[in-house]
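So that you can map any letter, position 94 of the sequence shown is 133 in the numbering used here, and since no number is skipped, the others follow by simple counting.
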Amino acid sequence: MKNISQEEKDYLQGDGNTSNEKITLDLTGNNWQMEGIRPGEGEKIGFHELNFDITGDSFNWGFAKVPGDVYTDLWRQGRIEDPHFGRNSLKAKWVPENEWWYKRQFDVPVEMEGKHIQLVFDGVDFGCDVWLNGEFLGTHEGMFSKFKFNVSNTIHFERLRFGTNVLMVRLHPAPRRYSQVAGRKPAWHGDYWVALPPTGIWKPVYIEAMGKVTVEDAYVKPTILSEDTAKLNIEVELKNHANASKTLQVNVEVEGENFESKVYSVSQELTISKEINNLDLVLDVDNAKLWWPWDLGDQYMYKAKVTVTEGGALLDETTTTFGIREVKMEHNPGFTRDQVENPWTVMINGKRHFMRSGTWGGPPDIFMGRAHKSKYKELIRLAKEANFNNLRIFGWHPEEIPYFYQLCNEAGITVWQDVLPLASLSLPKDEEFKKAVFEEAIASVKEQRNHPCIVLLEGSEELFMTASDPQHNLNFVNELGEAIKPYTPLYYIPSSPLSDEVGLNLGFKPNESFHANDLFYGEGEFVMEDYFPSLDYAVIPELAISSCPNVESIKKFIPADEIWPPGPSWGHHWTDFDALRTLNFEVLGDQSKDGFEKFVEATQIAQGVIFQYALEHFRTRKPKTSAICICHYITFAPDMKWGIVDYYQDKKLSFDHVRKAYQPVLLTMKHYNRRWLPGEEFIGELWVVNDFYESFNNCKATIKFLDKNKSLVKEESFKFDEIEGDSSSKFTDVSCKVPGEMGDKFYVEMTLVDAKGNILSENDYLLLVADKQKDRKELRVIGLEAFDIKQKYGWANYFRYYPSLGAEEGSKEADEEMPIARGFK
């Protein structure tokens, strides 16, 4: 396959001879222009009729880049201020009021003449109309579905300096009601972003020229036959663009993509009719190299090249990568079918895959023009550094670009994914809406299903708990599961969570899945050591605790005069001051309000300690519990909310707590209190969780108790004869007289080494010398104050933190004094 860059002038010189080679002309890059106008006015004045006169009607249009988005193009042009800074996003709310036109001029190589030529859009957010050389090609809606136009008779082959072909794309005004486009576009609001609905040409645009028969899809479905052999069922979808049937030869060659292997091939001759035709081929692979998550094995990838010929002449070819791996689901031991109906244990190639997960709150930027590949690469690297073996894309976020899945394939990180973004809403009840969503889902599944990293599918996120008609939503996602069933063998769960109050009323079992977020939203009603051990569920798909980003990161998006005491931009970027105060007090015994750096650090430590305690607890429940997911790993905008890596890709202090809790071999100390009185006998239990399938013999665990100055109080060592593979076991009790006085902290440090002295696990804990009952009462007082304020303002209104923004009596307006968060003066 030949790839052509518009900038490569030598490539555009041809002799006019027809070639059998497929030609692809890439239209992505900076050579685009854009302009906005009131809805419906662009076509009235003839934007769609603009020609190749470079000094004519569009010379004053702004420059743009594709893939990208409207806001980023406007920001780079200087027409709007950075929407991520301060409260600038509110000042850009005029942008969705317009339709936005994108223009691209180009020449094509003469070698394309005589071929079937198609214009391909991999993805446009959300709706668009397309013209080429003044000819209307069509309309498309849906962010995730690829669409194509036959332009064989529309392309111009003449060549001028700036290109004789003019592509015009009219982006419809960005949607304003999520419910009308749900499933085909993610929500642009939530508790970390609220202002602007993204819009733009967010995936590549290109022109392909080939024969009259094209390969529309190639899917490789592996079956493992034995330890080193596999069968590949290869489904090929062909489209015949000619007016008559054709007799073809289809050939498939399979070989290693990231390793050397022999070439396996299979061919078939067939006659196809007009339009869509499907072909099934079978290929046996000996010495098969399997794809595994990184903590279970290597990540071998194969490539399959599909070639279509007619009488020896090449018509089309395509190459797809895949991994040989099998995913099966098993029921979690320890639950009856009356407790848990769904099989929640992911088995990969016959081995248990306990999912140490985090919500991928991506893309790396809500504005795709800023979501560069380098950011994806770094975030996947950091995910592996934090010992994640899974990332969850839930229904508040879009499916990802192919590069994300490629990185996960290479890193051995599996993906637990909602099929489409359906989250926290009442779904429309008309059939047209349902049909459009199902078509988008099928297109999405077909596009992604060759990626071995994707192991579990869900239909929605929190789709029952807030719906006006949860039964309708349940029927909808059940039908969605049936719609995609013919296209993927992966197990499908209708929503998350299933076992909350609404889910139980809908008939789900009591111990399926649960969002363990009450510690955050309860604001002082619970403490971690009482709350998390009370939860008995097969999986925890969401565990949410917030924190501030790093000090230097905050300075990048909060105006200097609002940094401290915290001004309104903190509230706009979703700072839950009351929740942070309660979490700070629970973890550190101090609300930590008396300084910028102190407050930020305290929130990150609190988030980390809570995550660590919860994750280690749920991991010790293995195999009864089979997955735990923090909410979030990242978010797509600068905020004061979720994430252990901030928007600028800097690790928070909480990152290291999660890294320790997610060690594949984990030495953990169960403790059911974090506050102990001076001189009291601290009591804990040493457990080891091993997610490897390798056993370790003759290991030694060492535990040290340290006082507030990190001076040694007590040290003990224990011999563990065998740590079995894929296990979770208690080994011994530990104790120590609590050092220090009321208000002090004390610490625990632990190390586990194997028989050769190699470190298998290191861990540590922060504990308090305090009166638990007294502090619980004070914690509850803080929380009740927060609830009283929420009653007045509503939970999502950040004005509740700023008396002057709330026009409270006795508070100065912003023209007299910078609004300051309540309690931080």
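The C-beta atom is built at its ideal place from N, Cα and C for all residues, glycine as well. Remember, predicted model here, so these are calculated numbers, not experimental data.
Just curious, the alpha helix (DSSP H) that residue i is in, first and last residue?
i	result
Arg658	635-659
Arg395	Not the alpha helix (DSSP H): Arg395 falls in the beta strand (DSSP E), residues 394-399.
Asn204	Asn204 -> not in any alpha helix (DSSP H); beta strand (DSSP E) instead, spanning 204-210.
Glu591	590-596
Ala480	470-487
Ala522	509-523
Ile419	412-424
Give the single residue among the options whose Cα lies nearest to the Cα of residue i.
i	options	result
Arg395	Gly451, Ala327, Tyr303, Gly79	Gly451
His436	Phe374, Gln219, Leu461	Leu461
Leu502	Phe433, Asp108, Glu424, Glu591	Phe433
Glu761	Asn736, Lys342, Glu780, Val379	Asn736
Asp772	Asp355, Trp603, Ile722, Ile194	Ile722
Met708	Ser734, Leu806, Phe731, Gly782	Leu806
Asn371	Ile315, Glu551, Phe186	Glu551
Val787	Cys775, Pro525, Gln487	Cys775
Gly153	Thr193, Glu314, Trp613	Thr193
Lys251	Leu264, Tyr303, Lys270, Lys313	Lys313
Gln72	Leu206, Thr664, Arg364, Glu247	Leu206
So the beta strand (DSSP E) residue i belongs to, where does it begin and stop?
i	result
Lys260	252-263
Asn70	68-76
Tyr786	784-792
Phe503	Premise fails: Phe503 is in no beta strand (DSSP E) and is neither H nor E.
Pro580	578-583
Arg431	429-432
Met708	704-709
Glu349	341-349
Glu754	751-762
Give me the Cα-Cα distance between residue i and residue j, rounded to the nearest whole angstrom.
i	j	result
Gly181	Asp164	7 angstroms
Trp133	Lys699	46 angstroms
Lys48	Glu197	Any reading at Lys48 must be qualified, since the residue scores a pLDDT of 39, below 50, and its modelled position is unreliable; no value is offered.
Met151	Ile62	7 angstroms
Phe175	Glu82	11 angstroms
Thr398	Cys670	5 angstroms
Phe863	Pro604	6 angstroms
Glu266	Phe759	32 angstroms
Asn765	Gly606	This sequence places Asp at residue 765; Asn is not what is there. Distance between the alpha carbons of Asp765 and Gly606: 50 angstroms.
Thr358	Glu276	13 angstroms
Ile273	Leu322	8 angstroms
Tyr687	Val259	38 angstroms
Val777	Glu720	6 angstroms
Met504	Lys416	35 angstroms
Asn69	Tyr141	12 angstroms
Lys485	Ala653	36 angstroms
Asn802	Tyr339	32 angstroms
Phe553	Phe547	12 angstroms
Gly229	Tyr560	15 angstroms
Check residue i in the structure and name its three-state DSSP category.
i	result
Ile821	helix
Asp112	helix
Val458	coil
Trp139	strand
Gly373	coil
Met679	coil
Tyr50	Any reading at Tyr50 is ruled out, since the residue's pLDDT is 35, under 50, leaving its predicted position unreliable.
Thr614	coil
Met407	helix
Tyr531	strand
Trp227	coil
Asn56	Low per-residue confidence applies at Asn56: pLDDT is 41, beneath 50, and the placement is therefore not dependable, though the value from the model is reported in the following sentence. Asn56 falls in the coil class under three-state DSSP.
Met368	strand
Gln45	Per-residue confidence for Gln45 stands at a pLDDT of 45, beneath the threshold of 50, marking its modelled position as unreliable; no derived number is given.
Ala860	coil
Cys492	coil
Lys851	coil
Residue i CB to nearest chain C CB: under 8 angstroms?
i	result
Lys743	Looking at the structure shown, chain C is missing, and only one protein chain is on hand.
Inset, instruction - State whether the stretch 378-392 contacts the stretch 621-636, with contact taken as three or more CB pairs (one from each stretch) at a distance under 8 angstroms. - result: no
Inset, instruction - Would you check if there are 3 or more beta carbon pairs closer than 8 angstroms linking the stretch 565-585 to the stretch 836-848? - result: no
Inset, instruction - Answer yes if the stretch 610-629 comes into contact with the stretch 846-853, meaning at least three C-beta pairs across the two stretches below 8 angstroms, and no otherwise. - result: no
Inset, instruction - Could you tell me whether the stretch 687-696 touches the stretch 724-731, where touching means 3 or more Cβ pairs closer than 8 angstroms? - result: no
Inset, instruction - Mind the definition here: the stretch 201-217 touches the stretch 85-94 only if three or more C-beta pairs lie below 8 angstroms; say whether that holds. - result: yes
Inset, instruction - Say whether the stretch 655-671 touches the stretch 566-579, bearing in mind that this needs 3 or more beta-carbon pairs closer than 8 angstroms, one atom from each stretch. - result: yes
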